[in-house]
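The structure under discussion appears below in the form of structure tokens.
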Amino acid sequence: MTTSLVPQVRLVAGALGAEVHGIDLNTLTDEGFAHLHRLLLAHQVVFVAGQTGLTPQAHIALGRRFGEVELHPYLPRLAGHPEIVLIDSEDGGKVDVWHTDMTFHQSPPIASILHLVELPETGGDTMWTNQCRVYEALSAPMRDLLDGLTAIHVIRIGTEFTSRAEHPVVRVHPETGRRSLYVNRLFTSHIPQLSRNESDALLEYLFAFSEGPQFTCRYRWRVGDVAIWDNRVTQHYAINDYTGVRRGQRITVLGDHPTGDTPRWEHYVAAPGQRYWPDRVNAVESY
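Okay, so the sequence shown: first residue is 1 according to UniProt numbering, each after it adds one.
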């Protein structure tokens, strides 16, 4: 398999996802990368099949074509290659909650690149949602409301909140100009322009709506497959329906600051004695 072959592309679902055959990431040319980049912008997640021989060096080089590669602050890394995070189901690597990676950062990642190296006999699929389609499927009045709001994203280590960021509820993609819903169950805490009850109710509606099957694709992994997804416009969910071991190696590409419309309202001011900070924060140390 060489990059001189014409890549074959199969759409995974109507909402998002494209699977590519005929590309060897170990010998990826500029033309081959440009093709992958176009597919990623068009389909939000790209699966490159048959990469069992992918070297750490080629994995890192692919990440650097997209931008600066992050050294993850929390997760274990591949010996000699600190850019590569080890994903291991035996070490608590089962995040079965819909989420967008690390939205608690001021500049969340642009993309993630996951190479699956070991799989259980059955199960262990991953799902993604197209957050552009989610936003576009909302009613015009709802879109208008959300365009003027922000959301607080946090992560908790033990009992402490260790990172906090405020981002637009509706994010504008810097390359395509498309708008997407930018909240997720794992890290989004609340909408500061609303009261606590209003924020909880609206977020729960948005979470549930975005998880509708019409917005998703589900991918059945094979050993050696590589997934590249655009964190700016997707959520993902690793399905915890298996026994045995599921191991992967992931690179995360540092991001830009999410942009959207200027907020139209000030932060909500709670009445004296009213506790505002929501209890519901799913992001814990096991992330």
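Positions of the beta carbon are idealized from the N, C-alpha and C atoms, including for glycine.
May I ask you to list the residues that DSSP assigns as paired with residue i?
| i | result |
| --- | --- |
| Ser-180 | Arg-171 |
| Trp-128 | Cys-217 and His-236 |
| Arg-164 | Val-154 |
| Thr-252 | Ser-112 |
| Ala-201 | Beta-bridge pairing links Ala-201 to no other residue. |
| Gln-18 | It should be noted that the sequence gives Ala, not Gln, for residue 18. Answer by DSSP bridge pairing, in chain order: Leu-11 and Val-46. |
| Thr-188 | His-153 |
| Val-226 | Val-48 and His-115 |
| His-81 | Leu-78 |
| Val-69 | Val-253 |
| Ile-87 | Gly-248 |
| His-99 | His-236 |
Between the alpha carbons of residue i and residue j, how many angstroms are there, rounded?
| i | j | result |
| --- | --- | --- |
| His-115 | Ala-61 | 14 Å |
| Leu-36 | Thr-52 | 18 Å |
| Ile-155 | Val-6 | 43 Å |
| Glu-90 | His-267 | 42 Å |
| Asp-256 | Ser-107 | 5 Å |
| Glu-285 | Thr-29 | Any reading at Glu-285 is ruled out, since the residue's pLDDT is 32, under 50, leaving its predicted position unreliable. |
| His-173 | Arg-133 | 13 Å |
| Ala-165 | His-105 | 6 Å |
| Arg-77 | Ala-270 | 43 Å |
| Leu-34 | Pro-272 | It is Ala, not Leu, that sits at residue 34 in the sequence shown. Whole-angstrom Cα-Cα distance: 56 Å. |
| Leu-138 | Asn-197 | 21 Å |
| Asp-200 | Ala-79 | 42 Å |
| Arg-178 | Phe-187 | 22 Å |
| Phe-207 | Val-48 | 29 Å |
Starting from the C-beta of residue i, find all residues in its chain whose C-beta is less than 7 Å away, skip the five residues before and the five after it, and write them out in chain order.
| i | result |
| --- | --- |
| Pro-120 | Tyr-242, Thr-243, Gly-244, Val-245 and Arg-246 |
| Gly-248 | Ile-87, Leu-114, His-115, Leu-116 and Val-117 |
| Val-46 | Ala-18, Val-20, Leu-36, Leu-39, Leu-40 and Ile-228 |
| His-167 | Thr-103, Thr-150, Ala-151, His-153, Tyr-182 and Pro-258 |
| Ala-111 | Phe-66, Ile-228, Trp-229, Asp-230, Asn-231 and Val-253 |
| Phe-209 | Val-134 |
| Arg-143 | Tyr-135 |
What do you reckon, are the CB atoms on residue i and residue j nearer than 8 Å?
| i | j | result |
| --- | --- | --- |
| His-72 | Thr-262 | no |
| Ile-84 | Pro-109 | no |
| Arg-185 | His-99 | yes |
| Val-169 | Ala-151 | yes |
| Thr-129 | Thr-234 | yes |
| Trp-221 | Asp-101 | no |
| Gly-212 | Gly-50 | no |
| Met-127 | Tyr-205 | no |
| Leu-54 | Val-226 | yes |
Which same chain residues end up closer than 6 Å to residue i when comparing Cβ atoms and leaving out the 5 residues on each side of it in sequence?
| i | result |
| --- | --- |
| Gly-63 | Val-69, Ile-113, Ile-251 and Val-253 |
| Arg-10 | Glu-19 |
| Arg-171 | Ser-180, Tyr-182, Pro-258 and Gly-260 |
| Thr-176 | Leu-41 |
| Ala-58 | Leu-25 and Asn-26 |
| Gln-44 | Leu-16, Asn-130, Asp-230, Val-233 and Thr-234 |
| Gln-8 | His-21 and Gly-22 |
| Val-146 | Reading the sequence as shown, one finds Leu at residue 146 and not Val. Closer than 6 Å at the Cβ level, and outside the excluded window around Leu-146, lie Val-169 and Val-170. |
| Gly-123 | Asp-241 and Tyr-242 |
| Tyr-287 | Residue placement at Tyr-287 is poorly supported in this model, since its pLDDT is 27, which falls under 50; the coordinates still yield a value, given next. None. |
Less than 8 Å between C-beta atoms, sequence neighbours within five positions excluded: which residues of the same chain meet that for residue i?
| i | result |
| --- | --- |
| Trp-265 | Gly-148, Leu-149 and Gln-193 |
| Leu-202 | Ile-191 and Leu-194 |
Tell me whether residue i counts as near the ligand COA, meaning its Cβ is closer than 7 Å to at least one heavy atom of that ligand.
| i | result |
| --- | --- |
| Val-269 | The ligand COA is not among the ligands present in this structure, which contains no ligands whatsoever. |
Evaluate contact between the region 212-231 and the region 13-29, counting only Cβ atoms and requiring at least three cross-stretch pairs below 8 Å.
-> yes
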